[in-house]
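No gaps in the numbering here: position 109 of the sequence shown is 109 in full-length UniProt numbering, and each next residue is one more.
Just so it is clear, CB atoms sit at the ideal spot from N, CA and C, and this is done for glycine as well.
Fair warning: this is a prediction, and the values are worked out from it, not measured in the lab.
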Amino acid sequence: MSWALEEWKEGLPTRALQKIQELEGQLDKLKKERQQRQFQLETLEAALQKQKQKVENEKTEGANLKRENQSLMEICENLEKTKQKISHELQVKESQVNFQEGQLNSSKKQIEKLEQELKRCKSELERSQQAAQSADVSLNSCLTPQKIFATPLTPSQYYSGSKYEDLKEKYNKEVEERQRLEAEVKALQAKGEAVTVDIPRTSHLAPCVAREQAGFGQRCGMCLQNGFPVCCQAVHMGANL
């Protein structure tokens with residue numbers, strides 16, 4: 001094959017052969033350059049495709065980051081709203097705690113007043129019972145059954161005998177109310193939950209206690225003026241019955 005290609009050169013002048021060799025050398029050189037350039041072109045095309053893919057990936061990642069950023073902004077807004085709501089609820093609960101602490105302090109003061117009144121009434125009742133016991137001994141020797149039955153209990157004497165029990169009952173109610181208020185305050189402080197409690201006011205007992213104190217003093221005075229303590233007459237009537 002190569003021989004057939006070389007056959008056409010026979011008979012050509014030397015100068016022409018030299019020129020042909022030069023041209024063939026240039027052709028081989030150009031073929032090599034073409035191959036190199038083709039390889040470079042293919043390499044550049046591969047790099048270009050790789051770069052395009054990278055750009056597409058970055059675009060996709062950018063879109064994802066944008067969506068994520070939007071989602072985070074919405075979450076932040078929701079958290080801010082939740083924070084404001086919790087802050088408002090906390091203020092409301094603090095107001096409730098302060099209100100109930102005020103009610104608790106008022107109830108404690110009322111209980112202290114009732115305790116003092118209860119002690120005073122208990123002391124007066126004990127003195128009345130002692131006087132009744134001493135009077136019972138003397139009355140048994142000087143009074144007849146007819147005289148004993150002739151001195152029935154008056155309404156004022158009856159109520160003075162039951163005043164201690166009434167005050168004791170009021171005191172017990174105040175103690176229960178105080179315990180309930182303390183439990184509610186502790187629950188609000190510990191849990192922080194919204195609790196709406198209707199706390200009955202106990203200040204209305206103060207006028208009643210004052211009236212009972214005044215009435216008790218008057219009734220005790222009337223009993224002593226009549227000469228018979230209430231407990232003494234009750235003992236005599238029970239003995240005669």
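### Query
Between the stretch 175-187 and the stretch 95-103, do three or more beta carbon pairs fall short of 8 Å?
yes
### Task
State the Cα-Cα distance for the pair residue 115 and residue 80, rounded to the nearest angstrom.
51 Å
### Task
Apply the 10 Å Cβ neighbour rule to residue 58 and answer buried if 16 or more other Cβ atoms are within range, or exposed otherwise.
exposed
### Task
Name the residue from 179, 11 and 53 whose alpha carbon lies nearest to the alpha carbon of residue 105.
179
### Same chain, Cβ closer than 7 Å to residue 133, five either side skipped, listed in chain order
none
### Task
Quick one: grab the DSSP three-state call for residue 12.
coil
### Task
Please report how far the alpha carbon of residue 90 lies from the alpha carbon of residue 169, in whole angstroms.
38 Å
### Query
To the nearest angstrom, how far is it from the Cα of residue 117 to the Cα of residue 96?
31 Å
### Rounded straight-line distance, which links the Cα of residue 87 to that of residue 176
33 Å
### Query
In angstroms, rounded to a whole number, what distance separates the CA positions of residue 151 and residue 111?
Caution applies to residue 151, whose pLDDT of 47 falls short of 50 and renders its modelled position unreliable; the model cannot decide the point.
### Query
When you compare each of 93, 20 and 47 to residue 190 by their alpha carbons, which one comes out closest?
93
### Query
Nearest to residue 174 by CA position, among 113, 34, 75 and 48, is which residue?
113
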